[in-house]
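S.K.: Sequence positions in the sequence shown follow my numbering and run 480 to 945. The C-beta atom is built at its ideal place from N, Cα and C for all residues, glycine as well. Following this message is one structure expressed as structure tokens.
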Amino acid sequence: MADKTFDLVVVGGGPGGYTAAIRAAQLGMRTGIVENDKLGGICLNWGCIPTKALLKNAEILQTFKKAEEWGITYDNLKFDFSKIIKRSRGVADKISKGVEYLMKKNKIDYMPGYGVLLGKGGIEIKGAGGKSTERVNAQHIVLATGARARSIPGVAIDRKRIITSTEAMNLPEQPKSIVIIGAGAIGIEFAYFYNAIGTKVTVVEMMPGILPVEDAELTKLMESSFKKQGIEILTRAKVESIKPGANDVTVLVSTEIGKKEIRGDVALMAVGVQGNVENFGLEHVGVTIERSHIKVDKDYKTNVPGVYAIGDVIGPPWLAHVASAEGIHCIEAIAGKNPTPLDYSAIPGCTYCQPQIASVGLTEEKAKAEGYELKIGRFPFRPLGKAVAIGETEGMVKLIFDAKYGELLGAHIMGSEATEMIAELAVAKRLEATGKDLFHTVHAHPTLSEAVMEAAAAAYGEAINI
């Protein structure tokens, strides 16, 4: 006999899970949430939030190093690595407690533990050591179990010398050198952070350039910027082996000019993630899994009636804001509200190093591959008064339009506030705005966002300030 009965139970308390739980409670469902670790999941506790705290430290330190440009002088600049890490952990803990408050505010039953599906709406909650603490029943079950770092074949992550992002943001002492395997957003953000605080950084990427999902023109600019900052970048490079030692790790890499051996205090594995699909009873109830991710339909239903899945566990894009949006859609579909399917072509992606990079929609390469005739507008930050005034002239805005109808197909920004600026273009993309809509919208002066207006105008030969 179940201890409690719910309308809906969410298994997993990350951004997708807790957002789904809140929306269900708002719609009048008796809601429970199961989480084995802290509420907020990987994003709030070991990903999005604490890494941004670390990156802010790096940004401040870099600003101090350029202080003389601002007429400011100081003596004996120092930093305390342990305090940087401590602040990051404090930020994460504060946000996690905020999610706990939201559960109480919305009268959601928070059940700490590991949720295992039993079939016919049953869930067993397991505590420390796998001991069963209670059983509950739910008419609807939403799986939001997230994902974890994966490795390359034949390489075991020991979390000492071969580490994941979790260890990288909580090391007991600053490494003198680090080898980062993978140049996606996670790898690039840690490369920026550790380089800024004085660690020797080598990035190894098997693709032709860093940030492979981004527009190639901007990633070339980003790669050049990183090299100027002192980061060693090896592209078209395949890792042959990683051998941990007592005090360091050796990475053997094949490049276009031969093999190279790289030594570091640690090697960070940043080659992607895999869904957390094990030990939740999915095989017991027959949930379909493909390539380590749960298969769902447009409303996030699995093949098992009453069981749904959202977020990283269903596959890319592995982004917190996507998980939250999927959670809301899933709950509203359960409630019979017939929500509009999520537009995955209008999802912004962000990398929070400095300069930042952010994008939405198609890259130039993908737009051409899909057969579009294009109008492309580019505008660098260098001519902008605001950029010059704040000393952030590196980067550009690149906008891609359908030449036939003028519709915005893709937007790409590299620059100081790219991750904040991209929201305007995500709205434009979702509303099928045209280039003329963008450059006839009056943008405040002086702002960095004027680069959006100017880039749109440039696509039509009407840019004023270049």
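Would residue 669 pass as a contact of residue 546 if the rule is Cβ separation under 9 Å?
M.R.: Counted from its first residue, the sequence shown places residue 669 at position 190. Counted from its first residue, the sequence shown places residue 546 at position 67. The answer is no: Cβ separation not under 9 Å.
S.K.: Please list the segments of the beta strand (DSSP E) lying wholly inside the stretch 483-570, counting only runs of 3 or more residues, in order along the chain.
M.R.: For the stretch 483-570, whole beta strand (DSSP E) runs of length 3 or above, ordered along the chain, are 483-490, 510-514.
S.K.: Give a yes or no on whether the C-beta atoms belonging to residue 836 and residue 701 are separated by under 9 Å.
M.R.: Residue mapping note: residue 836 aligns to position 357 of the sequence shown, counting from 1. Residue mapping note: residue 701 aligns to position 222 of the sequence shown, counting from 1. Closer than 9 Å, so yes.
S.K.: What's the gap between the Cα of residue 445 and the Cα of residue 741?
M.R.: Residue coverage of the chain in this structure runs from 480 to 945, which leaves residue 445 outside it and unanswerable.
S.K.: If contact is defined by three or more beta carbon pairs under 8 Å, each pair taking one atom from either stretch, is the stretch 890-906 in contact with the stretch 688-700?
M.R.: Yes, the stretch 688-700 is in contact with the stretch 890-906.
S.K.: Rounded to whole angstroms, what's the CA-CA distance from residue 829 to residue 578? Just pull it up for me.
M.R.: In the sequence shown, residue 829 corresponds to position 350, counting from 1. In the sequence shown, residue 578 corresponds to position 99, counting from 1. C-alpha separation (whole angstroms): 23 Å.
S.K.: If the criterion is Cβ atoms closer than 9 Å, does the pair residue 874 and residue 859 meet it?
M.R.: Translated into the one-based positions of the sequence shown, residue 874 becomes position 395. Translated into the one-based positions of the sequence shown, residue 859 becomes position 380. Cβ distance < 9 Å, so residue 874 and residue 859 count as in contact.
S.K.: Let me check understanding here. Comparing Cα to Cα, which of 886, 872, 871 lies closest to residue 878?
M.R.: The residue you call residue 878 lines up with position 399 of the sequence shown. Cα-wise, what sits closest to residue 878 is 886.
S.K.: Thinking just about the alpha-carbon of each residue, which of 898, 942, 926 is nearest to the one in residue 914?
M.R.: Taking the sequence shown and counting its residues from 1, one reaches residue 914 at position 435. The shortest Cα separation from residue 914 among 898, 942, 926 belongs to 942.
S.K.: Taking the runs of the beta strand (DSSP E) that are 3 residues or longer, which of them lie wholly in the stretch 653-677?
M.R.: Segments of the beta strand (DSSP E) lying fully in the stretch 653-677: 656-660.
S.K.: Where are the beta strand (DSSP E) runs, 3 residues long or more, that stay fully inside the stretch 580-648, in chain order?
M.R.: Here the runs fully enclosed are 588-591, 593-598, 601-605, 611-622, 626-628.
S.K.: Where does residue 880 fall in DSSP's three states?
M.R.: Position 401 of the sequence shown, counted from the start, is the residue given in the question as residue 880. Note: residue 880 maps to strand in three-state DSSP.
S.K.: Mind checking who residue 890 pairs with in its DSSP beta bridge?
M.R.: The residue labelled residue 890 in the question sits at position 411 within the sequence shown. DSSP output for residue 890 lists 839, 878 as bridge partner(s).
S.K.: Measuring alpha carbon to alpha carbon, tell me which residue in 540, 730, 856 is nearest residue 555.
M.R.: Within the sequence shown, residue 555 is the residue found at index 76, counting from 1. That would be 540, whose Cα lies nearest to the Cα of residue 555.
S.K.: Please report the Cβ distance between residue 743 and residue 656, rounded to the nearest whole angstrom; I am assuming they are in contact, meaning their Cβ atoms lie under 8 Å.
M.R.: Here residue 743 corresponds to residue number 264 of the sequence shown, with the count starting at 1. Here residue 656 corresponds to residue number 177 of the sequence shown, with the count starting at 1. Right, their Cβ atoms sit about 4 Å apart.
S.K.: Cα separation between residue 672 and residue 801?
M.R.: As a working note, residue 672 is residue 193 in the sequence shown. As a working note, residue 801 is residue 322 in the sequence shown. Residue 672 and residue 801: Cα-Cα distance of roughly 25 Å.
S.K.: Please tell me whether residue 945 and residue 929 are closer than 9 Å, where the distance is taken between their beta carbons.
M.R.: By one-based count along the sequence shown, residue 945 stands at place 466. By one-based count along the sequence shown, residue 929 stands at place 450. The answer is no: Cβ separation not under 9 Å.
S.K.: Expressed to the nearest angstrom, what Euclidean distance is found between the alpha-carbon atoms of residue 682 and residue 659?
M.R.: Start at 1 with the first residue of the sequence shown, and residue 682 comes out as number 203. Start at 1 with the first residue of the sequence shown, and residue 659 comes out as number 180. Their backbone Cα atoms lie some 5 Å apart in a straight line.
S.K.: What did DSSP end up calling residue 747 once you bin it into helix, strand or coil?
M.R.: For this step, residue 747 is matched to residue 268 along the sequence shown. The answer is strand: DSSP assigns residue 747 an E or B state.
S.K.: I'd like to know whether the C-beta of residue 732 is nearer than 9 Å to at least one C-beta of chain B.
M.R.: In summary, chain B is missing from the structure at hand, where a single protein chain is found.
S.K.: Write down the C-beta distance between residue 590 and residue 692 rounded to the nearest angstrom, noting that I regard them as a contact closer than 8 Å.
M.R.: As a working note, residue 590 is residue 111 in the sequence shown. As a working note, residue 692 is residue 213 in the sequence shown. About 37 Å separates the two Cβ atoms, so there is no contact after all.
S.K.: Could you tell me the distance, in whole angstroms, from the CA atom of residue 597 to the CA atom of residue 616?
M.R.: As a first step, residue 597 is located in the sequence shown; it is residue number 118 there, counting from the start. As a first step, residue 616 is located in the sequence shown; it is residue number 137 there, counting from the start. Computed Cα separation, rounded: 9 Å.
S.K.: In the DSSP assignment, what are the bridge partners of residue 711?
M.R.: Looking up residue 711 in the sequence shown gives position 232. According to DSSP, which records beta bridges pairwise, residue 711 is partnered with 681.
S.K.: Please say whether residue 622 and residue 832 have beta carbons closer to each other than 9 Å?
M.R.: Within the sequence shown, residue 832 is the residue found at index 353, counting from 1. Within the sequence shown, residue 622 is the residue found at index 143, counting from 1. Taking 9 Å as the Cβ cut-off, residue 832 and residue 622 do not qualify as a contacting pair.
S.K.: In terms of alpha-carbon separation, which member of 768, 793, 769 lies closest to residue 777?
M.R.: Position 298 of the sequence shown, counted from the start, is the residue given in the question as residue 777. Comparing Cα-Cα distances from residue 777 to each of 768, 793, 769, the minimum goes to 793.
S.K.: Can you tell me the Cα-Cα spacing of residue 686 and residue 762, whole angstroms?
M.R.: As a position in the sequence shown, residue 686 is number 207, starting the count at 1. As a position in the sequence shown, residue 762 is number 283, starting the count at 1. Cα to Cα, residue 686 sits roughly 35 Å from residue 762.
S.K.: Tell me whether the beta-carbon of residue 581 lies closer than 9 Å to the beta-carbon of residue 814.
M.R.: Start at 1 with the first residue of the sequence shown, and residue 581 comes out as number 102. Start at 1 with the first residue of the sequence shown, and residue 814 comes out as number 335. Cβ distance not < 9 Å, so residue 581 and residue 814 don't count as in contact.
S.K.: What did DSSP end up calling residue 720 once you bin it into helix, strand or coil?
M.R.: As a working note, residue 720 is residue 241 in the sequence shown. Strand, per DSSP.
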